[in-house]
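Asker: The numbering of the sequence shown is the working numbering, which starts it at 935 and goes up by one. The structure's right below; bear with me while I get my questions together.
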Amino acid sequence: MERGRITWPQLCMLTYLMVCATAVLVIPTVASQIAGRDAWMTSIIGSVAGFITLFIAMRLNRYYPEMTMVEYAPKLIGRWAGMIANGVFLFFLLHNVGLIVREYGEFIVGSLLIRTPETVINTALIFVCAVAIRGGIEVIGKFALLIAPLFMILLLCIPLFLLPELSVTEMFPILNNGWRLVLEGSITPATWFLGFLLIGFFLPYAIGNRSRIKWSLSPLILTLLTMVLTNLVCLFLFGPLTSMFTFPVFVASRYISLARFFEHVEAIVVVLWVMGGFVQIAAWYYVLVLGTAQWLRLKDYRPIIFPIGVLIIAMSFWISDNLQDMVDLFMTTEPLFSATMLLLYPLLLLIIAWWKRRRAQHWKRRESSRNFDEKSD
């Protein structure tokens, strides 16, 4: 169905942007609302979920190297159960893509295009992503390899340019309220890290003899460092006021002023974030389209790209009435929904796959032993 291939560096950058692009916008606010000054610790604890889901995805790919989760689920839990489970999983993907599109729509309208209807923004994003997906996975991978380094350079430049304004004392006292609030605050970052499970949809199309473990772990570690860095920058600059801003990293970029000459760089920040958001939306959108085509047993996924795009646009407005409702969704329902579909469900598939593999090996050894005894007689 997908004839395109991507290299391991492309997969690394694609996976990084697929998870991290929106995390730096939302995580500092949500984490600081719960954990306060200790918000920077929440990403470290939440990354445990990323390591677990990445292990599950890599292990399942080892059992079924040429298949995605939508393809091997019916083989593990039965045809009809697999069809139903895949349907629920694809609805979850539709929900998440709509949520990501809504995030970027709110960000662009709230920060730059104030008078532009959000419908126009969301439709334009989906249309551009749909065109890229029609070009195949190679187009998305190459664009990710181009944009991700610029995205990371931007995130490094923001704290460097703000260095005179940062106050390290804002992070003290550490753990003044104990570990409970830090653990509660880590739930939201963990929700983002669970997205690394989707690397399993790209692994069958990765080519090259590079280290699979190194190139799979790299985006997770980069995402962890990015989240910790953005949380610290917001804390050092705004202190307890971080929780009051909707997009604190974007607000921080407005404080950049070098010799009263290099100023007003927020437009550059928005442009690079939109490019990163394009890769993130395109990646999730691609997984949804590919999974739906495999679920419906279509020969080609391209005919359903634009129809699914219409559903995504509708979902982006159905999810919540306003930005505050969306933030509440991140703190309540979304973690449970994501944990069920991106952690518990794949873990169940992995346990069944491991059990079937072990059972098959047991019967194979038993059959070999029986044949050996017959030859001996």
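We put the beta carbon where it would ideally sit given N, CA and C, even for glycine.
#1: Taking Cβ positions, are residue 1254 and residue 1035 nearer each other than 8 Å?
#2: Let me know if residue 949 comes out buried or exposed under the rule of 16 or more other beta-carbons within 10 Å of its beta-carbon.
#3: Check for me: the alpha helix (DSSP H) holding residue 950 runs from which residue to which?
#4: Nearest by alpha-carbon distance to residue 1116: which of 1239, 994, 969 is it?
#5: For residue 1131 and residue 1276, what's the separation of their Cα atoms in angstroms?
#6: Report yes if the C-beta distance between residue 940 and residue 1104 is below 8 Å; otherwise report no.
#7: For residue 1087 and residue 1235, I'd like the C-alpha separation in whole angstroms.
#8: Out of 1060, 1061, 1040, which has the shortest C-alpha to C-alpha gap to residue 1051?
#9: Using the three-state DSSP reduction, which class does residue 924 fall into: helix, strand or coil?
#10: Nearest to residue 1245 by alpha carbon, out of 1166, 1026, 1096, 1228?
#11: Which residues share a DSSP beta bridge with residue 1196?
#12: May I have a chain-ordered list of the beta strand (DSSP E) segments no shorter than 3 residues that lie completely inside the segment 1048-1100?
#13: Which same chain residues, not among the five before or five after residue 1095, have their C-beta less than 6 Å away from its C-beta?
#14: Residue 1313 by DSSP, collapsed to three states: which one?
#15: From the DSSP output, which residues share a beta bridge with residue 1140?
#16: Suppose the cutoff is 6 Å on Cβ atoms and the five residues either side in sequence are ignored; what does the same chain contact list for residue 1124 look like?
#17: Can you tell me whether residue 1252 is buried or exposed? The criterion is at least 16 other CB atoms within 10 Å of its CB, across all chains shown.
#18: Rounded to whole angstroms, what is the Cα-Cα separation between residue 958 and residue 1160?
#19: Examine the Cβ distances between the segment 1065-1083 and the segment 1207-1225 and report whether three or more of them are shorter than 8 Å.
#20: Using only alpha-carbon positions, find the residue among 977, 1011, 1018 that is nearest to residue 1230.
#21: To the nearest angstrom, how far is it from the Cα of residue 1091 to the Cα of residue 1299?
#22: When you compare only the Cα positions, how much space is there between residue 944 and residue 994?
#23: Please report how far the alpha carbon of residue 1053 lies from the alpha carbon of residue 1257, in whole angstroms.
#24: If you reduce the DSSP assignment to three classes, tell me which class residue 1234 lands in.
Answerer: Answer, in terms of the structure:
#1: no
#2: buried
#3: 942-969
#4: 969
#5: 6 Å
#6: no
#7: 35 Å
#8: 1040
#9: Examination of residue 924 is not possible in this model, given that the chain is present from 935 through 1311 alone.
#10: 1026
#11: 1192
#12: none
#13: 1190
#14: The question about residue 1313 has no answer, for the chain in this structure spans 935 to 1311.
#15: 940
#16: 980, 983
#17: exposed
#18: 8 Å
#19: yes
#20: 1018
#21: 59 Å
#22: 21 Å
#23: 15 Å
#24: coil
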